[in-house]
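The sequence shown begins at 2 in my numbering and counts up by one.
Idealized CB from N, CA, C, for every residue including glycine.
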Amino acid sequence: MVVGDHEMALTVVAGGPLITVEAGHSVYRIVRGDGGLVRAESQCVVAKVLVSVGDEVRPGEVLLIAEAMKMESSVVAPAAGRITEIVCPAGTLVGAGDPIIRMEALDQAAAGVATQLSFTDLAAHQPDSADTDRDTLVRLILGQDLDDDAAAKAIARIDALPFDAGLQVLRAAADRMALFADHDDADTGTKRRSPRPDLLLLALRSPDRLDELAPGHFPAQIRSVLAYYGVTEVSQSPELTDALYHVWRAESRMDRVAQVSALVLQSWLEPDHDTVDSTELVEVVDAVITAAELGYPGVADLGRAVRHRLVEHPAIRELRSADERYAATLLAGEQADVTGLLHLPAPLDRWLAAHAVDQGPEAVAALEALLRRTHRHHALGRCAALPLTGITGVTSTRRDNGNTVVMVAVAGTADRLGDVLSAAAGSVETTGVVDIDVFVGGNGAPDATALESTIRRVFTDVAGRCDHLTLVITWWEGGRFTGAPRHLTVTGSHGDLAVATRHGGMHPAAAERLELWRFDNFALSGLPAPDGVHLLHATARENRNDQRLIAILEVFDLDPAHLTGQLSEAAIAIRQARAALPDPSVSLSNRIVIHAEPTWTLTDSELQKLIAELLPLTRGLGLEKVIGRVVTHDPDTGERSDEVLHITTPARVGVMVGRTKPSHNTIRPMSEYRRRVVTLQRRGLVYPYEIVELLVGTGATHTELPVGDFVEYDFTDEGFAAVERPRGQNTARVVTGVIDSRPAGSTATIRRVLIMNEPSRDLASLAEPECRRIIAALDLAAELGIPAEWYAVSSGARIAMDSGTENLDATAAVLRRIIEFTQAGGEINVVVVGVNVGAQSYFDAEATMLMHTSGVLIMVGRSAMVLTGKQALEFSGGVAAEDNTGIGGYARIAGPNGQAQFWVADVESACAVLFRHYESSLPHGAWRPTTDPVDRDITPYPHRNSGNGTAFATVGEIFSAAHNPDRKRPFDIRSVLSAVRDQDAPPLERWTAWQDAENVVAWDTRLGGFAVSLVGIESRNLRRRLPRPANGPDSWTAGTLFPQSSKKLARVINGASGRRPLVILANLSGFDGSPESMSKLQLEYGAEIGRAIVNYRGPIVFTVISRYHGGAYVVFSKALNPHLEVAAVEGSRASVIGGAPAAAVVFTREVRARVKQHPAVLELQSRLTAAPADEQPVLTHQLHELTAAVTTEVQAAVAQEFDDIHTVERALEVGSIDHIVTPTDLRPYLIGAVSRGLENTSTMTGTEYPLTEGLRHA
């Protein structure tokens, strides 16, 4: 807007009746008066409209009924008027402030036409240039002010941007898109970016605590973005406020950011684009791919294409050029090395064909090498040159089923193809079986229309003389490194000729070698692909919906560079072919098939690593598996054997490798089982039987899960019993059974009952059949005395026309059985593998979240537990988030509130966590050998000080009278826990994300080989998240239990009861008693700790390492549990209350008496008494000051006396503690205490094995 000589850019945003105008750094909000519009007061559904257009209404008359949160409310007319429009009819979901009905006043006159203002030239004109366009595009990406015309021009000229300018634009776009990108690695195809205004608010309010409070990836990402605004230091400032405003504002432009990114990438895919040598290219393009994967997969695909075009393809081209240079040395000279040419790994056929038509001295050798490479799976006899003029030809023979096959090969250019064909026909002298290969070298392709007629004219007579004739004409289309071979195959006998179409345009020798007969149940058509990749479109003859893209690779070199190059070319070829399909979604069972000629030397872990590196390239391909047809060598026996590798990447699972023997059967069209697997993969879910395959050990080795055996259970005529049937034949939407896993190096098995929701039908909704099986599975777990392991995903109680509340009754029966099972000591471990709704979420809670439960809850990827799904919640008028993960996912809900103990990226990682849980529980993991000496001195162990407000060099200094005389200095509890535990037993920490409970640290680890639950109380202040209430502490103070940390500690104790010894290293000053804590159930949760100690089954070793006072003393007193052993490290303090508060509160009378008898006070008091009246006010003031000073001095003395009396030595004398240990003896003491406790409580914990070996070790 221009006012006089002043020019200003305005940003106007209209939202309902509110208009926001930004002018510079000032924001103005204008409320628009719409007297004729009736608007919704809140988000709701229009349930019923009670008026019609033309009706006259009175003030207060009901116009419609709105419904929100299952409650109805009336919307009335604000004034008398006539209805002119029903904007939102019944059934419409409206937001707060949205117009519903339009009305006019009864006496309203015809409205005049208002004069509209026109604002032009809002921005100063800048000369067009590449730099200007770059700056404009970056400003668009960053949400800054810019002229729409300038932006449109810059976008239109993107293809003219210099490479460096385009790279800068892409880097800004990648950083911006990555800011709120979800970093879940699972390939679901259904995720999207999730804007997080709460994180921007955190950066605005507490920039100095960003690293502490924000998710791990966010601080680095926001700093990268803020750098574009000139903000280099994240601290409170007007610059940071302005930048964060524009960051949030840019969210409304993300579609345009994606458009700009796509246009830049497309410009780099132009055929005439120069190859760029940029060290930043890979980094920037990979960043774009990662950032765009979830929200803008099309941009990610373009990024992959650019990466291949500008990075992988040049590398592949260089590899092939090197191979061609080496091939030239083999071909040169009087005696060409045909054998060496035969075994070169690169696709050299085109290069050899070009040399075969050159008529030089190398032509015959090149043609012989080409013929032998084409038929490499056959043993060809000696080759002889044919006496042809101006045409290269060779002949040979091979044996096939006892018959001699005559081989003829000729080579020529496309313009002489008629002569070449005639020469080939004239070379046939036999009447038996003849194979003729015609290779068309050089540039140019044959005329397909004229070619068939020429073949019939030339070869009809030959076919009449032969028992069988196979003629294959091969030529190449496209560029030197990007072109692909084309084959025309004609077969005939006794004078009949026909074009063969069975193998989708592939050379019949290759089809035989690559076992294409296995696809006889499919109609095959060849698709364009780079040389060295055979790409086929396969359509099942019996089911046209079963369509697959098959990329077949012939691998002659297992060098990772060659193999990675071929795999990436295959992935690019499938992606391009899939995009060209009318409906790409039908090709969800695509495959890459590797036929490896050399002996396979890659280990499964090496192969998994290679495939994992290629995963970004394969996302969105609908790739079911990579298959390897390989020959392996047994180093022990020296035998070579054929094997088939099956490499799969199930959603939320990871890379799996399985091995089978080659099949001699045709590939069947997709079975119902595979259809379910593929359909669920498309939705980002896992079929339950695929989880079974993972657990029984079909090849998932990169996390080294134990192998096992699974027996499925279901209802039979004899009740709930084991069943033998093909997997996938379950009749209910739940799969149950018993699985026995055998950890490596252990003679014991880990047995548990599996419960797996089956989401392929009605998203695993729950009705009577499902609930009956779940109850039976829990009954079986109770009967066998083993845990239940539940892989949960369900839409809740079934909703249907033919069933209703009976399904709720069935789910309530499950709820009751879960409560009975867990209250009786049963353990249910839940892995949330998808979105759980309603009843299933309550099952998860009853099984794992209550105080008495001992099971763990693990959330996988973007799984969630919600009571009502996002869409239903919005339609009912409730408040929702951007997706179900925002309502009940781990990062923002279930992790911070302590409902979930762990988060992992995939199912395989969840299984690994579960096995660590099982192996640290009795009886599976009572004791294992350790290399860590029992009597190791922990004092030299380093103390971690980085950024945590502590200053000890070693753990020993914590206990040193010189460095920590009163045991009041803060220290890092994890350093102490790390020093104590076995150094070969890395800890598994529970509840790492529990917000406001961070000062309790709970590890599953080992002491002297014994599995223990090792707990520590943080002994340094932890800063709180904002906002902080006024009636609570500003930080979580050291050695103090707050409501959430008390609840966490109680749950840790209950979870370990009967499963592993509990070892607590305590620095406990007591419970926080602030109004905030008291209002948040501090008493209740503190009492839960006491109850957990009383009910604990097994040994408890409680060791005071610093201070031990107050209510915290009570809930860990020896009086609560006879199996609680209490010790203290020398120099620790133990009392009802600390000395300072005791002197200030308890011993006030003693303090006052001593103050009154203090000589200085007595002397001043006597002077005051004797002083004249005019001096007394001054002396009185001096007496008050002196009394205060002396009181402080006396309180300190009384506090010291109290602390000197109430030492751990006194506690030992009165029997409150059992031992005082030196810091150097802390580890051996703890190990001995654990072993003693296990010996005394083995019957309580249900341990049925002798502890002799472990005790002897201790």
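Quick one, which of the options has its alpha-carbon nearest residue i's?
i: residue 99; options: 826, 40 and 49; result: 40
i: residue 835; options: 550, 778 and 904; result: 904
i: residue 1103; options: 404, 1128, 1030 and 1097; result: 1128
i: residue 402; options: 754, 434 and 855; result: 434
i: residue 436; options: 453, 444 and 411; result: 411
i: residue 292; options: 1227, 1045 and 262; result: 262
i: residue 1221; options: 710, 1107 and 1239; result: 1107
i: residue 1133; options: 968, 1099 and 1125; result: 968
i: residue 795; options: 781, 841 and 1006; result: 841
i: residue 479; options: 512, 445 and 333; result: 445
i: residue 1084; options: 1059, 1093, 1109 and 1047; result: 1047
i: residue 1136; options: 239, 68 and 1206; result: 1206
i: residue 1231; options: 1007, 1056, 1242 and 1142; result: 1007
i: residue 503; options: 561, 517 and 575; result: 517
i: residue 1074; options: 1086, 1066 and 1068; result: 1086
i: residue 247; options: 816, 139 and 374; result: 139
Mind checking whether the beta-carbon of residue i lies closer than 6 Å to any heavy atom of the ligand MG?
i: residue 566; result: Inclusion of the ligand MG in the displayed structure is not the case, the ligand content being empty and no account of it being possible.
Around the C-beta of residue i, are 16 or more other C-beta atoms found within 10 angstroms, so that it is buried, or is it exposed?
i: residue 447; result: buried
i: residue 288; result: buried
i: residue 199; result: exposed
i: residue 1081; result: buried
i: residue 112; result: Annotation note: pLDDT 41 at residue 112 (below 50); position unreliable, no value reported.
i: residue 854; result: buried
i: residue 14; result: exposed
i: residue 126; result: For residue 126, the pLDDT reaches just 48, beneath the cut-off of 50, and the residue's location in the model is therefore unreliable, although a value from the coordinates is still provided. By the neighbour-count rule (16 or more Cβ atoms within 10 Å), residue 126 is not buried but exposed.
Grab the span of the beta strand (DSSP E) containing residue i for me, first residue to last.
i: residue 714; result: 708 to 717
i: residue 1220; result: 1220 to 1222
i: residue 598; result: 591 to 600
i: residue 440; result: 434 to 442
Apart from the five residues just before and just after residue i, which ones in its own chain have a Cβ nearer than 6 Å to its Cβ?
i: residue 641; result: 632 and 634
i: residue 280; result: none
i: residue 649; result: 626 and 657
i: residue 80; result: 60
i: residue 1276; result: With the chain covering 2 to 1259 only, the question about residue 1276 has no answer from this structure.
Tell me which residues share the same chain as residue i and place their Cβ nearer than 7 Å to its Cβ, disregarding the 5 neighbours each side in the sequence.
i: residue 270; result: 306, 307 and 310
i: residue 1152; result: 1144, 1192, 1195, 1196 and 1199
i: residue 932; result: 985
Going by DSSP, what residue range makes up the alpha helix (DSSP H) through residue i?
i: residue 1177; result: 1177 to 1206
i: residue 995; result: Counting along the chain, residue 995 falls outside any alpha helix (DSSP H), and DSSP gives it neither H nor E.
i: residue 262; result: 255 to 268
i: residue 772; result: 769 to 785
Would you report the Cα separation of residue i and residue j, rounded to the nearest angstrom?
i: residue 623; j: residue 591; result: 6 Å
i: residue 770; j: residue 733; result: 6 Å
i: residue 449; j: residue 488; result: 11 Å
i: residue 1199; j: residue 1070; result: 19 Å
i: residue 21; j: residue 582; result: 46 Å
i: residue 773; j: residue 793; result: 16 Å
i: residue 1023; j: residue 999; result: 8 Å
i: residue 431; j: residue 396; result: 12 Å
i: residue 123; j: residue 763; result: Note that residue 123 scores a pLDDT of 39, beneath 50, so its modelled location is shaky; the value from the coordinates is reported in the next line. Spanning the two alpha carbons is a distance of roughly 55 Å.
i: residue 467; j: residue 495; result: 7 Å
i: residue 201; j: residue 286; result: 26 Å
Short of 8 Å in beta carbon distance, which residues of its chain neighbour residue i, apart from the five on each side in sequence? Order them along the chain.
i: residue 603; result: 559 and 611
i: residue 423; result: 459
Is there a Cβ from chain C that is less than 7 Å from the Cβ of residue i?
i: residue 793; result: Here chain C cannot be found, since the structure has a single protein chain.
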